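Heads up: the sequence shown is residues 158 to 583, going by the numbering used here.
Everything on this sheet refers to the single structure shown next.
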Amino acid sequence: MLRLPGYEVLNALEHGNTVQVEIKHDRLPTFCPQCGVSGPRIRRYGTIKKAFLDLPHGDRQVILFIDHQRFQCLECSRTFMGPLPDMADGHGMTKRLVDFIKRMSMSHTFTYVAELAGVDEKTVRSLFREYSGYLDDKRDLITPRVLGIDEISLMGRPRAVFTNIEKKTLVEMLPSRDKQSVRRFLATLDPKAVEAVTADLWEPYHDLARDLFPRALVVADKFHVMRQANLCVDAVRKALAPDDTTRRFLMRKRLLLQKRFRQLTGRDEETLADLEARFPALHDAYLAKETFYDLYACQSRKEAVEAFQGWAGTLPVSVAPQFGRLIAMVERFHAAIFDYWEQPFTNAYTEGANALIRRVFNDGRGYTFAVIRAKVLHAYGSQKFRHPRLRRDVCYKLSLYPPTYGTCLSTVGLQPPEGPIPVKST
Ligand SMILES: [Zn+2]
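Okay, structure coming up:
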């Protein structure tokens with residue numbers, strides 16, 4: 158009835174919402190854990206009453222009661238407790254309940270699992286911590302050939318996020334982006350395997366990448382570079398507003414100003430012409446941004462460098478203060494920005510990574526960073542494994558432990574994994 162081999166049910170009674178089962182385990186120990194002698198002469202030395210919480214039965218809690226036998230070894234005369242297979246003695250639960258809580262806590266909120274298992278949330282939290290530590294140890298991460306370094310702001314702090322650009326996976330996230338912790342993580346990767354790094358415009362990332370991966374080309378992420386031009390347009394717009402009405406009016410033109418030239422509708426063009434008449438500097442800013450974006454259409458590094466110099470040299474005076482910052486930034490990251498033409502990789506998958514992280518965050522308000530990280534890396538989405546007998550580039554759900562490329566970002570829309578059986582995703 159219990160499916161616990163070796164145990165005998167003596168009695169069972171229902172008590173409100175609980176089922177209390179009295180059980181017995183009578184196997185004799187085969188060795189003495191105190192002196193190590195096998196097949197020792199022993200004698201019974203009293204019992205201790207113990208209770209173990211088991212998997213719930215329907216909506217009822219199941220509690221197992223047992224008289225735990227103590228023995229005395231006649232070889233060394235010390236005493237020890239008899240074996241209790243399938244019980245997690247330290248937790249006061251059956252091992253199968255512990256496993257159930259660990260598995261469920263990966264894909265559900267702690268409150269829900271606590272209610273389901275009939276334990277308090279603290280227990281769920283601590284088992285989760287134990288399990289995610291185990292999964293971290295088991296994880297055999299394949300060093301990305303093309304590494305993406307980026308960040309996400311979570312609970313008011315920037316957190317470093319690492320992706321495998323080629324395999325479209327999220328490989329790690331750190332509680333902060335400070336140089337020391339980023340270095341510590343990067344040092345765990347195989348320096349010979351990294352051939353390119355694309356990073357956002359945070360200098361320490363570039364310094365560390367050059368330092369730790371001397372063979373790799375470090376490229377400034379195209380989207381982050383382009384974004385800077387948009388920020389310049391915003392700065393021009395904000396500088397133009399003498400009063401609240403104008404400020405709000407221009408604020409509403411924000412999205413229009415972010416559009417690419419080719420995306421403009423007829424109405425957009427009219428609005429833009431109107432803006433040109435009223436706020437010529439804003440129109441200049443829009444054109445400066447568009448021309449800057451066009452750099453990325455250049456065919457070669459040389460062409461791009463020349464186009465940039467031409468652009469910077471002909472910038473209208475009206476927007477010079479704001480775009481001057483962009484010019485300074487391009488000069489500062491010159492090599493990394495123009496190395497894009499040697500290795501045109503971008504952090505395009507960061508969007509997917511951020512969406513995944515936000516989803517885990519939103520699913521469980523109040524999670525600590527460590528919990529979000531563990532759920533992102535071990536439970537949500539799926540792992541992209543390198544598996545010798547299976548086709549590469551196929552996503553499998555958790556949770557076998559072959560080398561992994563990280564959490565798949567092309568499957569972010571999927572439900573959390575249900576069980577350990579690998580299922581081919583779509
Ligand atoms: Zn002994």
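Note that CB positions come from ideal geometry on N, CA and C, so glycine has one too.
All of these numbers come straight from a predicted model, not from anything done at the bench.
* Sheet register partners of Leu298 (DSSP bridge) -> The partner list for Leu298 (beta bridge, DSSP) reads Thr561.
* Should Glu165 be counted as a contact of ligand 1 given a C-beta to heavy atom distance under 7 angstroms? -> no
* To do: Tell me where the alpha helix (DSSP H) around Gly320 begins and ends.
  => Position check: residue 320 holds Thr in this sequence, whereas Gly was assumed. Bounds of any alpha helix (DSSP H) do not take in Thr320; it lies within the beta strand (DSSP E) bounded by 314-321.
* **8 angstroms Cβ cutoff, Leu432 in contact with chain B** => Here chain B cannot be found, since the structure has a single protein chain.
* Pro603 CB to nearest heavy atom of ligand 1 below 7 angstroms -> The chain is shown from 158 up to 583; residue 603 falls before or after that span and cannot be answered.
* What is the rounded straight-line gap between the Cα of Thr583 and the Cα of Ile309? -> Confidence at Thr583 is low in this model, with a pLDDT of 29, below 50, so its placement is unreliable and the value that follows should be read with caution. Distance between the alpha carbons of Thr583 and Ile309: 27 angstroms.
* Asked: DSSP state of Phe490, grouped into three classes?
  -> coil
* **Start-to-end residues for the alpha helix (DSSP H) that takes in Gly305** => Segment 303-311 is the beta strand (DSSP E) holding Gly305; no alpha helix (DSSP H) there.
* Could you tell me if the beta carbon of Arg286 falls within a distance shorter than 7 angstroms of some heavy atom in ligand 1? => no
* With a threshold of 7 angstroms, establish whether the CB of Gln226 neighbours any heavy atom of ligand 1. => no
* Asked: Going by alpha carbons, who is nearest to Arg419 out of Leu346, Met250, Thr448?
  -> Thr448
* Asked: Who are Tyr453's beta bridge partners in DSSP?
  -> Bridge partners of Tyr453: none, in fact.
* Asked: At a cut-off of 7 angstroms, is Arg201 close to ligand 1 when judged by its beta-carbon and the heavy atoms of the ligand?
  -> False, no ligand heavy atom lies under 7 angstroms from that Cβ.
* **Glu352 versus Gly509, His265, Val376, residue with shortest Cα-Cα distance** => Looking only at Gly509, His265, Val376, the smallest Cα-Cα distance to Glu352 is reached by Val376.
* Asked: Taking one C-beta from the region 232-240 and one from the region 287-301 each time, how about it: are there three or more such pairs within less than 8 angstroms?
  -> no
* Give the range of the alpha helix (DSSP H) segment to which Cys389 is assigned. => 379-397
* To do: Flag this pair as yes or no: are the beta carbons of Leu327 and Gly481 separated by less than 8 angstroms?
  => No; because the gap between Cβ atoms is not below 8 angstroms, this pair is not in contact.
* If you drop the 5 nearest sequence neighbours on each side, which residues of the same chain put their C-beta closer than 7 angstroms to that of Lys532? -> The beta carbon of Lys532 is closer than 7 angstroms to those of Met263, Val517 in its chain, skipping five residues each way along the sequence.
* Asked: By DSSP, does Thr428 sit in helix, in strand, or in coil?
  -> Correct three-state label for Thr428: helix.
* Pairwise C-alpha distance: Leu566 and His440 -> 38 angstroms
* Asked: Looking at Phe257 and Leu292, is the spacing between their C-beta atoms short of 8 angstroms?
  -> no
* In terms of alpha-carbon separation, which member of Pro478, Tyr362, Arg286, Leu241 lies closest to Arg260? -> Arg286
* Asked: What residue does the alpha helix (DSSP H) around Phe526 start on, and which one ends it?
  -> 526-535
* **Classification of Ala442 by the beta-carbon crowding that lies within 10 angstroms, buried from 16 upward** => buried
* Asked: In its own chain, which residues sit with a C-beta less than 6 angstroms from the C-beta of Lys252, not counting the 5 before and 5 after it?
  -> Asp243, Ala245
* Take the Cβ of Gln466 as the centre, count every other Cβ of all protein chains shown within 10 Å, and call the residue buried at 16 or more, exposed below. => Exposed is the call here.
* To do: Run the CB neighbour count on Thr403, radius 10 Å, all protein chains shown included, and call it buried at 16 or more, exposed below.
  => exposed
* Cβ-heavy atom distance between Val194 and ligand 1 below 7 angstroms? -> At least one heavy atom of ligand 1 is nearer than 7 angstroms to the Cβ of Val194, so yes.
* With distances taken from CA atoms, which of Asp294, Glu323, Val339 is nearest Pro315? -> Val339
* Flag Arg235 as yes when its Cβ comes closer than 7 angstroms to any non-hydrogen atom of ligand 1, and as no otherwise. => yes
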